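Novice:
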Amino acid sequence: MAHGPAKGISRWLFTTNHKDIGSMYLWFSFAMFFMGGIFALVIRAELFEPGLQIVEPAFFNQMTTLHGLVMVFGAVMPAFVGLANWMLPMMVGAPDMALPRMNNWSFWILPFAFAMMTSTLFMEGGAPNFGWTFYAPLSTTYAPDSVTFFIFAVHIMGASSIMGAINIVATILNMRAPGMTLMKMPLFVWTWLITAYLLIAVMPVLAGVVTMMLMDIHFGTSFFDAAGGGDPVLFQHVFWFFGHPEVYIMILPAFGVVSAIIPTFARKPLFGYSSMVYATASIAFLSFIVWAHHMFTVGMPLFGELVFMYATMLIAVPTGVKVFNWVTTMWRGSMTFETPMLFSIAFVILFTIGGFSGLMLAIAPADFQYHDTYFVVAHFHYVLVPGAIFSITAAVYYWLPKWCGKMYNETLGKVHFWLAFAGLNITFFPMHFSGLAGMPRRIPDYNPLWADWNMISSIGSLLFGAAQVLFLYIVIRTIVSGRKATDGVWDGAEGLEWTVASPAPYHTFTTPPEVK
Amino acid sequence: MDTKDTPSYYVPEQSKLPLFASLGLFLTVFGLGSWINGSGNGSTIFLIGFALLGFVLYRWFAIVIDENIRGMNSIKLKTSYVWGMGWFIFSEVMFFAAFFGALFYVRTFALPWLSEGPTSEILWNGFKGEWPLMETPDMAANGSDAAMSGPGENMSNPGLSHWLGWLPFWNTSILLLSSFTVHFAHTSLKKDDKKWFNIWLGITVALGIIFLVLQAEEYRHAYADLGLTLNSGIYGTTFFLLTGFHGLHVTLGTFMLLVQWLRSVFKGHFNHDDCFGFEASSWYWHFVDVVWLGLFVFVYILG
């Protein structure tokens, strides 16, 4: 094994190094985050006031669709895989990921997949316009021609996810250092192990449902066509069987991140480690039996409504365990509030708000009122933005000194946090009100009744977007001219990753460390 | 490389394989998409991409086999391959689960709902939700003007007394038999009896090919004689997608076993404790066999 990275561009194109691949995932995700963010700003600009000002309704639909797809599959998921690549081998004391070449294949599929998906914007008939949930028959009978490329893009990014997840499972189960028993693994490792299992279980179902679409569109089958004996609702069932575990795929690694950060800055061990592990596993299990809570208004039998309602509410129990443990970890700790900690505390508070609105939506009779309104938009942005995005941001601040050996500027980091915190709440909190007042999602024009809330949301979105540009500046400034970081970086940080130098050498743990 | 420095776990040097595999995969699906959408050079792009992907994968496996022969693979790395193959097969199980789930949903929920109550009377008056579904809702409501018509005949169980003349029964027998022969190949290999290993594995590959030929004949029969096509409503849809994807997996499994057979016969690969390529292929083979049993029960017998 060579001792350092190869020179020039080939280092990145042909690499088998988990750190290089992790960096590429993270930069790719950052780029997609900005692209998805620009799509979101187009949406918010159009909704700044009632009436049609800036874009055509048809283009507006393409923006809502691509914003969702790019953020979910291009920004959040690759960011967590990037963190996994960087951190898992170091956390379990392994020399690299289990299957290093396949690791690079998983990454390089993604730029191709997203090039194909976003190129649909320039195709005749425009990009996919049926929402990121691509319900049939909007996505079949009434879809633009570019839907074919959307389907194949989903296929290959699914292949990328499955290969990435298999790699992660093999790494965690097979490559732990001697003494690193399962119940000694950092929680980030545990949450990723369970997330990888979810990915392997549901990405093939997503491949299945887009294949059914492809067959219905081009080969005359009738999966989603009642005239031939099929059912459009079947689409929703298969999609959400994938889709609900998918939302946990985007949040479980976030739980792992904050479970690493909060103990460091509270200077106390994580409270209730084993209950965290069991809670994560329970959430993953429950995620398979709640999917139809996305479909309460579609016309299910009463029995189905009840089963899915109660199962969904049950998820609040293990999630509550987690929130309790994070709060208890902070209780009487010697707390300091560096940037990663600020993002993590905001995560705990705001994610809990998103969880509560989720409980409201889980109540089937109440959901009939909330369904397809901005209340739903507010809910899932509260779990995804301060949930997934904040935890990724926290992780970047927390581990960036280990990655590049330089310290970020704490003042700028705190400015970033407060801008993002304010921007996010100004953007998404008013959506609860416009939604409760009846504003439907995915519309370019609306009743002036909701004008004030929308204007506030749009202003907040600009602030949030500006905060992310500052984030990009902070990261680049750190890499280029940050002051040198120590090997330990943080006072209270525990774990194998802090025992190696900063920046982490190109190859770490070629000889496995002994874990006591 | 200094042997004293050699880490216990083999981490390969830089490799061009992943990038070109990604390019090949991209060209394959981009070409396929263009082709399906009716663009002129779609098929060419598809073929170039597919050839590139195939070539890269060939090189990839050749390199991995070569590394193993040169003794670079530790026990740990081999365990990673075992986990990798195991979880890959699990992902395949979930892919089939989506289609079995669709069949279950249609038969248990969708068809009864389409045939009951006021909505049915307004939209699909006179429709009866039976399985196999010979008359689609479209036919019930619109008679001969229907765009979505059902099959002429179906492939369902003709009754136990007719099984000897029923092709799916023979296909089931062949696949079950092939699961035994591949197991015999494995036990022979464990005794380092390469002669019988080659014979049993060769028989397995032959059975796989016979299965595929019979399956092709069944499809020809369905299209030519029974009026059963992809367009025959939900029955034709589920029948062809479930058996079709299974057939594709049998094709892949047969190809995998054939490669192992060629490696054994012409290159002398494999011995009792170094045979992962064969073992992985045989697990895959058992997996397609189990899927077929599911198909035989839920598509044919209970069809």
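Order-wise, the sequence lines are chains S and Y.
Using the numbering used here, the first residue of the first sequence is number 111, and each one after it goes up by one.
Using the numbering used here, the first residue of the second sequence is number 8, and each one after it goes up by one.
Backbone N, C-alpha and C fix where the C-beta goes; we use that ideal spot for every residue, glycine too.
In this text the structure is predicted, and so the values were computed from the model without any measurement.
I'd like to know if Asn564/S contacts chain Y, where contact means its C-beta is closer than 8 Å to some C-beta of that chain.
Specialist: The count along the first sequence starts at 1 and reaches residue 564/S at position 454. So no, Asn564/S is outside the interface.
Novice: Mapping the DSSP letters down to three states, classify Met517/S as helix, strand or coil.
Specialist: On the first sequence, residue 517/S is found 407 positions in, with the first residue counted as 1. Correct three-state label for Met517/S: strand.
Novice: Rounded to whole angstroms, what is the Cα-Cα separation between Ser270/S and Leu24/Y?
Specialist: For this step, residue 270/S is matched to residue 160 along the first sequence. For this step, residue 24/Y is matched to residue 17 along the second sequence. Answer to the nearest angstrom: the Cα atoms are 15 Å apart.
Novice: Contact between the region 345-357 of chain S and the region 393-402 of chain S: three or more CB pairs below 8 Å?
Specialist: The answer is yes - the region 393-402 of chain S touches the region 345-357 of chain S, with three or more Cβ pairs under 8 Å.
Novice: Would you verify that the beta carbon of Glu160/Y is, or is not, closer than 8 Å to some beta carbon of chain S?
Specialist: For the purposes of this step, residue 160/Y is identified with residue 153 of the second sequence, where counting begins at 1. No, no contact with chain S.
Novice: Answer yes if the region 114-133 of chain Y comes into contact with the region 230-239 of chain Y, meaning at least three C-beta pairs across the two stretches below 8 Å, and no otherwise.
Specialist: No contact exists between the region 230-239 of chain Y and the region 114-133 of chain Y.
Novice: Can you round the beta-carbon distance between Ala472/S and Met423/S to whole angstroms, since I take them to be within the 8 Å contact cut?
Specialist: Looking up residue 472/S in the first sequence gives position 362. Looking up residue 423/S in the first sequence gives position 313. Their Cβ separation, rounded to whole angstroms, is 5 Å, which keeps Ala472/S and Met423/S in contact under 8 Å.
Novice: Report the rounded CA-to-CA distance for Ser571/S versus Asn564/S, giving the unit in angstroms.
Specialist: Against the first sequence, residue 571/S aligns to sequence position 461. Against the first sequence, residue 564/S aligns to sequence position 454. One C-alpha to the other measures close to 10 Å.
Novice: Counting pairs of beta carbons, one from the region 281-291 of chain S and one from the region 203-216 of chain S, are three or more of them closer than 8 Å?
Specialist: The region 281-291 of chain S, when compared against the region 203-216 of chain S, does touch it at the 8 Å Cβ threshold.
Novice: Once DSSP output is grouped into helix, strand and coil, what is the label at Asp281/Y?
Specialist: Position 274 of the second sequence, counted from the first residue, corresponds to residue 281/Y. In the structure shown, Asp281/Y sits in a strand (DSSP, three-state: E or B).
Novice: Please confirm if the region 256-266 of chain S is in contact with the region 186-202 of chain S, defined as three or more CB-CB distances below 8 Å between the two stretches.
Specialist: Flag = no, the region 256-266 of chain S and the region 186-202 of chain S do not touch.
Novice: State yes or no: is the beta carbon of Met285/S nearer than 8 Å to at least one beta carbon in chain Y?
Specialist: The residue you call residue 285/S lines up with position 175 of the first sequence. Output row for Met285/S: interface = yes.
Novice: Would you verify that the beta carbon of Tyr16/Y is, or is not, closer than 8 Å to some beta carbon of chain S?
Specialist: Counting from 1 along the second sequence, the entry for residue 16/Y is found at position 9. Yes, because at least one Cβ of chain S sits closer than 8 Å to the Cβ of Tyr16/Y.
Novice: Give the secondary structure of Thr422/S by DSSP, where H, G and I count as helix, E and B as strand, and everything else as coil.
Specialist: Position 312 of the first sequence, counted from the start, is the residue given in the question as residue 422/S. If DSSP states are grouped into helix, strand and coil, Thr422/S belongs with the helices.
Novice: Among Thr126/S, Phe224/S, Thr258/S, Pro363/S, which one has its Cα closest to the Cα of Leu176/S?
Specialist: Indexing the first sequence from 1 puts residue 176/S at position 66. Per the Cα distances, Phe224/S.
Novice: Only counting the same chain, and skipping five residues up and downstream in sequence, which positions put a Cβ closer than 6 Å to that of Phe581/S?
Specialist: On the first sequence, residue 581/S is found 471 positions in, with the first residue counted as 1. Excluding sequence neighbours, Phe581/S sits near His526.
Novice: Can you give the beta carbon distance from Met142/S to Ala185/S, rounded, assuming they're within the 8 Å contact cut?
Specialist: Reading the first sequence from its first residue, position 32 is the one you call residue 142/S. Reading the first sequence from its first residue, position 75 is the one you call residue 185/S. At roughly 4 Å, the Cβ-Cβ gap stays under 8 Å, so Met142/S and Ala185/S are in contact.
Novice: Mind pulling the alpha helix (DSSP H) runs of 4 or more residues that sit fully within the region 459-501 of chain S?
Specialist: As far as the region 459-501 of chain S is concerned, its whole alpha helix (DSSP H) runs of at least 4 residues are 474-480, 484-493.
Novice: Nearest-angstrom Cα distance between Gly301/Y and Thr250/S?
Specialist: Position 294 of the second sequence, counting from 1, holds the residue named residue 301/Y. Position 140 of the first sequence, counting from 1, holds the residue named residue 250/S. The straight-line gap from Cα to Cα measures roughly 29 Å.
Novice: Tell me the DSSP secondary structure of Arg442/S in three-state form.
Specialist: Your numbering for residue 442/S matches position 332 in the first sequence. If DSSP states are grouped into helix, strand and coil, Arg442/S belongs with coil.
Novice: Can you name the start and end residues of the alpha helix (DSSP H) that Leu249/Y belongs to?
Specialist: Here the question's residue 249/Y lines up with position 242 in the second sequence. 240-274 is the span of the alpha helix (DSSP H), which, as asked, contains Leu249/Y.
Novice: Using a Cβ-Cβ distance under 8 Å, would Thr331/S count as near chain Y?
Specialist: The residue you call residue 331/S lines up with position 221 of the first sequence. Yes, Thr331/S counts as interfacial toward chain Y.
Novice: If you drop the 5 nearest sequence neighbours on each side, which residues of the same chain put their C-beta closer than 6 Å to that of Gln267/Y?
Specialist: Counted from its first residue, the second sequence places residue 267/Y at position 260. Cβ neighbours of Gln267/Y beyond the five flanking positions: Gly284, Phe285, Ser288.
Novice: Output needed in chain order: residues of the region 201-224 of chain S with a Cβ under 7 Å from some Cβ in chain Y.
Specialist: Those residues of the region 201-224 of chain S that come within reach of chain Y (Cβ to Cβ, closer than 7 Å) are Pro205, Asp206, Ala208, Leu209, Pro210, Arg211, Asn214, Trp215, Trp218, Ile219, Phe222.
Novice: In chain order, what residues of the same chain lie with their CB nearer than 7 Å to the CB of Ile217/Y, ignoring the 5 residues before and after it?
Specialist: Start at 1 with the first residue of the second sequence, and residue 217/Y comes out as number 210. So the qualifying residues of the chain are Ile181.
Novice: On the CB-based measure, 16 or more other CB atoms within 10 Å of its CB, does Ala269/Y come out buried or exposed?
Specialist: Looking up residue 269/Y in the second sequence gives position 262. Strictly speaking, residue 269/Y in this sequence is Leu, with Ala absent from that position. Exposed.
Novice: With a cut-off of 8 Å, does the C-beta of Met79/Y fall near any C-beta of chain S?
Specialist: Counting from one through the second sequence, the residue named residue 79/Y turns up at place 72. Not an interface residue.
Novice: Can you give me the Cβ contacts of Val599/S inside the same chain, cut-off strictly under 7 Å, excluding the 5 residues immediately before and after it?
Specialist: The residue given as residue 599/S occupies position 489 in the first sequence. Answer for Val599/S: Pro511, Lys512, Trp608, Ser612, listed in chain order.
Novice: Please identify, using Cβ separations under 7 Å, the residues of the region 125-150 of chain Y that lie next to chain S, in order along the chain.
Specialist: Those would be Leu140, Thr143, Pro144, Asp145, in chain order.
Novice: Report the option in Ala223/Y, Ser195/Y, Ile70/Y, Ser29/Y whose CA atom is closest to the CA atom of Leu60/Y.
Specialist: Translated into the one-based positions of the second sequence, residue 60/Y becomes position 53. Of the listed residues, the one whose Cα sits closest to Leu60/Y is Ser29/Y.
Novice: With a CB to CB cut of under 7 Å and the five nearest residues on each side skipped, what residues in its chain are close to Val319/S?
Specialist: Residue mapping note: residue 319/S aligns to position 209 of the first sequence, counting from 1. If we look at Val319/S and ignore the five residues flanking it on each side, its Cβ neighbours are Phe345, Val348, Phe349, Phe352.
Novice: If you follow the alpha helix (DSSP H) that Ala603/S is in, where does it begin and where does it stop?
Specialist: Counting from 1 along the first sequence, the entry for residue 603/S is found at position 493. Per DSSP, Ala603/S belongs to no alpha helix (DSSP H) and is neither H nor E.
Novice: I'd like to check one pair, Ile276/S with Ile304/S: are the Cβ atoms closer than 8 Å?
Specialist: Numbered from 1 along the first sequence, position 194 holds the residue referred to as residue 304/S. Numbered from 1 along the first sequence, position 166 holds the residue referred to as residue 276/S. No, the pair does not count as a contact, with Cβ atoms beyond the cut-off.
Novice: Which runs of the beta strand (DSSP E) spanning at least 3 residues fall entirely within the region 158-201 of chain S, listed in chain order?
Specialist: The region 158-201 of chain S contains no whole beta strand (DSSP E) run of 3 or more residues.
Novice: Unbroken alpha helix (DSSP H) runs of length 4 or more, entirely within the region 237-309 of chain S: which are they?
Specialist: Counting only runs of 4 or more, we get 257-284.
Novice: Please tell me whether Gln21/Y and Phe124/S are closer than 8 Å, where the distance is taken between their beta carbons.
Specialist: For the purposes of this step, residue 21/Y is taken as the residue at position 14 of the second sequence. For the purposes of this step, residue 124/S is taken as the residue at position 14 of the first sequence. Contact: yes.
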